[in-house]
C-alpha cells in the first residue's frame, strides 16, 4: 500500500527525451505508471505480461495504435498475457489471427487501477 503522504518526502522527476516520436510515446503511459507504483510500493511488476496504453491524469486508459504488432512482439518475446485498453478490443478481434488470439491471453482495462491489480501481484 502506498502511504497517502508519500509526496511529502518524495520528489519524482520523469524525463522523456524530447526527440521521442509523440504518437509512439503515449503508449508507454501504463508501463511508466506500473513502474512508478512498483518502485513506491516495492511490489514487483509481473515479468510474464506485456502492457500498453495511454493514461489520462484522471487514470483512464486510452486506446493506442499498433495493437497487432505489439501483441505479436509480446508473443515472440515469450509472453502469453497482454494488458490492453478496452477500446482496443476491436483491433484484437479484427487484426489478430486466430492462432495468435489463442496463444495470447488478453485482459482489457479502462482504468489504471484495474491495470495495476493485474500487473502487480497482491503480495510483496
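Numbering (the numbering used here), first residue to last: 603 to 726. Positions of the beta carbon are idealized from the N, C-alpha and C atoms, including for glycine. All of these numbers come straight from a predicted model, not from anything done at the bench.
Between residue i and the rest of its own chain, which residues show a CB-CB distance below 6 angstroms, the 5 nearest in sequence each way excluded?
i           : result
residue 693 : 669
residue 652 : 676, 681, 684
residue 580 : Given that the chain is displayed from residue 603 to residue 726, the structure contains no residue 580 and the question cannot be resolved.
residue 611 : none
Within 10 angstroms of the Cβ of residue i, are there 16 or more other Cβ atoms? Answer buried if so, exposed if not.
i           : result
residue 645 : buried
residue 707 : exposed
residue 659 : exposed
residue 632 : buried
residue 655 : buried
residue 605 : exposed
With C-beta atoms as the reference, is residue i less than 9 angstroms away from residue j?
i           : j           : result
residue 704 : residue 663 : no
residue 702 : residue 636 : no
residue 640 : residue 667 : no
residue 711 : residue 674 : no
residue 715 : residue 661 : yes
residue 698 : residue 709 : no
Which partner residues does residue i have in the DSSP bridge list?
i           : result
residue 653 : 685
residue 707 : 683
residue 714 : DSSP, once it has assigned bridges, lists no residue as partnering residue 714.
Give the single residue among the options whose Cα lies nearest to the Cα of residue i.
i           : options            : result
residue 608 : 638, 648, 691      : 638
residue 722 : 606, 611, 648, 633 : 648
residue 689 : 657, 678, 724      : 657
So, at 7 angstroms on beta carbons, what are the nonlocal neighbours of residue i in its own chain, with the 5 sequence-adjacent residues on each side left out?
i           : result
residue 726 : With a pLDDT of only 49 at residue 726, under 50, the local geometry of the prediction cannot be trusted, and the value read off the model is given with reservation. Here the set comprises 644, 645.
residue 691 : 710
Which same chain residues, not among the five before or five after residue i, have their C-beta less than 8 angstroms away from its C-beta?
i           : result
residue 650 : 681, 682, 683
residue 634 : 616
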